[in-house]
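S.K.:
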Amino acid sequence: MTVMEAPPSTKAEIVDVPFAHREIVARLSPGGRYIDAQSDVDSPWVPFGDNAAIKHLAFDVRQGIFSNILWIKGPGVIGTHLHRGTIMMVCLEGSVKYLEYDWVASPGGLILEVPGESHTLVTDHPNGVKLFGWMQGPIEFYDDQANFVETTDVWWFINHYETYCKANGIPLNPKLYI
Amino acid sequence: MGTMTAPPSSAYKIVDIAEPYLDLIRRKGQEGTYVGSSEAESPWVPFGDNAAIRHLAFDVRQNVYCNVLWIKSPGVIGTHKHRGPVWAVGLEGSFRYLEYDWVCRPGDFITETPGTAHTLVTDDPNGMKALFWMQGANEFYDADGNHVETLDVWWFMNHYESYCREHGLTPNPQLYL
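Protein chains in written order, with my numbering: chain Y, 1148 to 1325; chain U, 317 to 493.
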């Protein structure tokens, strides 16, 4: 049995793919989309404390999924938190590590986090870090005495985005809501 | 550290839970759904001569579809391959896969994982009913191993909606997550 070893077409041309359910897709799919991150047009940087900001990219309220870029602007810490869902992150700029693990993430590297893990995010890089994340489920935040403070999930992230937009007269971008 | 060993409240009343994002959840959230067992809420849609599917949920964002499969008498659903995960619970009768050594009976729970291909058989005189929760692509092959069609949430929706159209039924919005 042969397997594909290269893309079967390299023609810069739209090929009409046979698919029996196009009409339903057109009617009921939320549709793919592009959210720009180079500018603040699609989504602004929303402060997360003095040294960090979040650029919200997507919210799926049906699955509790949220996607964003976390920017820590200089050396800093995001305190210990516990995940109840699955996290995928890509380091875009700078570097980041967790006090619990022996690796340091650099640009292009992939970070996977699984339910039940708690950890303490640190960037020692002079320019901090930018992290793209695709995250599912609650994250429980603790203070430095291990007192539980708050559970953040898709609603916290939507509220973080919408509160900032309201306060700054920025219209909400419907593209962020899958 | 102590952990809950029983429900922390047995009060027969709605307890007001602190919810800082209540307005947001009301405005942007998706309500859960209820699909009762009557055919008025979701009909049995024929799947060949000896089987029918009762569709229960479609989530187009995750390519998830949930339904009850009913095979009415001893029969086979030919070899198919999953590209996503499946959970199922036996409801009536029994079924098995030619590939495995277990038989799923009412109350039994099974999972199927991406990459597995298998051939569903019921030997029970009354066939089987089971609830399936499936994600992703489901590839069907003919008896000679030729790929025939890849089914996913769109096929299942089309299966439901085509039947509704042909029978003058209004699609039930509770099925659309």
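Using N, Cα and C, we set each Cβ at its ideal position, and we do this for glycine too.
I'd like the list of long-range same chain contacts for Phe425 of chain U, defined as Cβ closer than 6 angstroms, with 5 residues on each side in sequence excluded.
M.R.: Once the five neighbours on either side are set aside, the close Cβ partners of Phe425 of chain U are Val405.
S.K.: Buried or exposed, going by whether 16 or more other CB atoms sit within 10 Å of the CB of Tyr476 of chain U?
M.R.: When all chains shown are included, Tyr476 of chain U counts as buried.
S.K.: From the DSSP output, in three-state form, read off Ser478 of chain U for me.
M.R.: Helix.
S.K.: Counting only Cβ-Cβ distances shorter than 9 angstroms, please list the residues of the region 1205-1216 of chain Y near chain U, keeping chain order.
M.R.: Taking 9 angstroms as the Cβ-Cβ cut-off against chain U, the residues of the region 1205-1216 of chain Y that qualify are Phe1206, Asp1207, Val1208, Arg1209, Gln1210 and Ile1212.
S.K.: Could you pull the start and end residues of the alpha helix (DSSP H) that Ile1305 of chain Y belongs to?
M.R.: From DSSP, the alpha helix (DSSP H) with Ile1305 of chain Y extends over Val1301 to Ala1314.
S.K.: With Ala1199 of chain Y as the anchor, note down where its beta strand (DSSP E) starts and where it stops.
M.R.: First-last of the beta strand (DSSP E) with Ala1199 of chain Y: Ala1199 to Asp1207.
S.K.: Within 8 angstroms (strictly less), CB to CB, does Tyr337 of chain U reach chain Y?
M.R.: It does; some Cβ of chain Y falls within 8 angstroms.
S.K.: So, using beta-carbon positions, are Tyr1324 of chain Y and Lys445 of chain U closer together than 8 angstroms?
M.R.: Taking 8 angstroms as the Cβ cut-off, Tyr1324 of chain Y and Lys445 of chain U do not qualify as a contacting pair.
S.K.: Alpha carbon to alpha carbon, how far is Pro323 of chain U from Phe448 of chain U? Give it in angstroms, no decimals.
M.R.: In a straight line, the C-alpha of Phe448 of chain U is about 29 angstroms away from that of Pro323 of chain U.
S.K.: Less than 8 angstroms separating the beta-carbons of Gly443 of chain U and Ile387 of chain U?
M.R.: In this structure, Ile387 of chain U lies closer than 8 angstroms to Gly443 of chain U by Cβ.
S.K.: Need the endpoints of the alpha helix (DSSP H) that Asp339 of chain U sits in, please.
M.R.: Run containing Asp339 of chain U: Leu338 to Lys344, per the alpha helix (DSSP H) assignment.
S.K.: Mind listing the chain Y neighbours of Trp470 of chain U? Cutoff is C-beta to C-beta under 7 angstroms, in chain order.
M.R.: Ordered by position in chain Y, the residues that pass the 7 angstroms Cβ test against Trp470 of chain U are His1168, Ile1171 and Val1172.
S.K.: Does Leu1246 of chain Y come within less than 8 angstroms of chain U when only Cβ atoms are used?
M.R.: Cβ-Cβ to chain U under 8 angstroms: no for Leu1246 of chain Y.
S.K.: List the whole-angstrom C-beta distance separating Thr378 of chain U from Gln451 of chain U, where the pair is believed to meet the contact cut-off of C-beta under 8 angstroms.
M.R.: What sits at residue 378 of chain U in the sequence shown is Gln, not Thr. 6 angstroms between Cβ atoms; contact.
S.K.: Should Tyr381 of chain U go down as buried or exposed, given a rule of 16 or more other Cβ atoms within 10 Å for buried?
M.R.: Buried, by the Cβ-count rule.
S.K.: Using alpha carbons as the reference points, say which of U:Trp403, U:Gly431, U:Pro430 and U:Leu436 lies closest to Asp417 of chain U.
M.R.: With distances taken between Cα atoms, Asp417 of chain U lies closest to U:Leu436.
S.K.: Mapping DSSP to helix, strand and coil, what is Arg377 of chain U?
M.R.: Correct three-state label for Arg377 of chain U: coil.
S.K.: State yes or no: is the C-beta of Val1193 of chain Y within less than 8 angstroms of the C-beta of Ile1201 of chain Y?
M.R.: Against a cut-off of 8 angstroms, the Cβ pair of Ile1201 of chain Y and Val1193 of chain Y comes out as a contact.
S.K.: So, at 6 angstroms on beta carbons, what are the nonlocal neighbours of Ile1258 of chain Y in its own chain, with the 5 sequence-adjacent residues on each side left out?
M.R.: Met1236 and Ala1252.
S.K.: Am I right that Phe472 of chain U and His371 of chain U are in contact with their C-beta atoms under 8 angstroms? What's the rounded C-beta distance?
M.R.: Right, their Cβ atoms sit about 6 angstroms apart.
S.K.: Who are the Cβ neighbours of Gly1275 of chain Y in its own chain at under 6 angstroms, not counting the five residues just before and after it?
M.R.: Hits under 6 angstroms: Ile1219, Lys1220, Gly1221 and Gly1241.
S.K.: Could you tell me whether any Cβ in chain Y is nearer than 8 angstroms to the Cβ of Leu340 of chain U?
M.R.: Answer yes: the Cβ-Cβ gap between Leu340 of chain U and chain Y drops below 8 angstroms somewhere.
S.K.: Could you name the residues that DSSP lists as bridge partners for His1168 of chain Y?
M.R.: Beta-bridge pairing links His1168 of chain Y to no other residue.
S.K.: I want to verify the contact list: residues of chain Y whose CB lies under 8 angstroms from the CB of Asn474 of chain U, in sequence order.
M.R.: Chain Y residues near Asn474 of chain U: Ala1167, His1168 and Ile1171.
S.K.: In chain Y, which residues lie with their C-beta within 8 angstroms of the C-beta of Glu477 of chain U?
M.R.: The contacting residues are Ile1171.
S.K.: Is the CB-CB distance between Asp440 of chain U and Pro390 of chain U below 8 angstroms?
M.R.: In contact: Asp440 of chain U and Pro390 of chain U (Cβ atoms closer than 8 angstroms).
S.K.: Nearer than 7 angstroms: is that true of the beta carbon of Pro1318 of chain Y relative to any heavy atom of the ligand MG?
M.R.: Absence of the ligand MG from the depicted structure is noted, as is the absence of any ligand whatsoever, leaving it without description.
S.K.: Work out the CA separation of Asp1183 of chain Y and Val1243 of chain Y for me, nearest whole Å.
M.R.: Their Cα atoms are separated by approximately 23 angstroms.
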